[in-house]
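Structure, as structure tokens:
In this note's numbering, the protein residues as written are 8 to 167.
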């Protein structure tokens, strides 16, 4: 059952935590690579910085939030509200925090907002990402597949 879940804006003091969240999202992938811990850390730092710079450059209006569960930081949620669409740029929880309903709770809140505003909700996920099942349970459908990434979308609710 989800605890008290809320978001707070990202601050500069959160960069180390955000890097740890990013690393937790790459654990399974990096476990398959025969690198030393120092090599993995360097790779994670490089990729984290590149991703952060990409989001800042291509989605400057996006809201970057720290996910808090019972006031403990447990993940990140980056969302860009566009005309007609709520685009989830990233939702990642620390490994130990997954499976507790925190992500589902946040997604349901975004879906409720989308319903109230007549917007679709979309997100890109890697095709092997286990979170895909959660999105599909919540009504998201694949609308684009480039072989590696899937664009999932939950269309706006029809108005009667």
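Here a beta-carbon is modelled for each residue, glycine too, at the ideal position from N, C-alpha and C.
A buried status is given to residue 161, since no fewer than 16 other beta-carbon atoms sit within 10 Å of its beta-carbon. Assignment of beta-bridge partners to residue 99 by DSSP yields 83.
The C-beta distance from residue 121 to residue 163 rounds to 7 angstroms, short enough to fall under 8 angstroms. DSSP, reduced to helix, strand and coil, places residue 29 within a helical segment of the structure shown. With contacts defined as CB atoms closer than 9 angstroms, residue 28 and residue 82 qualify as a contacting pair. For the options 101, 94 and 53, the alpha carbon positioned closest to that of residue 114 is the one of 94. In this structure, residue 134 sits near residue 155, with a CB-CB distance shorter than 9 angstroms. Per DSSP, the beta bridge partners of residue 160 are 129 and 148. Judged by beta-carbon spacing, residue 14 lies within the 9 angstroms limit of residue 74, meaning their Cβ atoms are closer than that value.
Closest option to residue 77, judged by alpha-carbon separation, among 132, 107 and 152: 107. Here the alpha carbon of residue 38 sits roughly 35 angstroms from the alpha carbon of residue 92.
Between residue 87 and residue 66, the CB-CB gap stays under 9 angstroms.
Residue 76 is bridged by DSSP to 12 and 79. The C-beta distance from residue 59 to residue 72 rounds to 14 angstroms, too long to meet the 8 angstroms contact threshold.
Under the DSSP assignment, residue 107 falls outside any alpha helix (DSSP H); it carries neither an H nor an E label.
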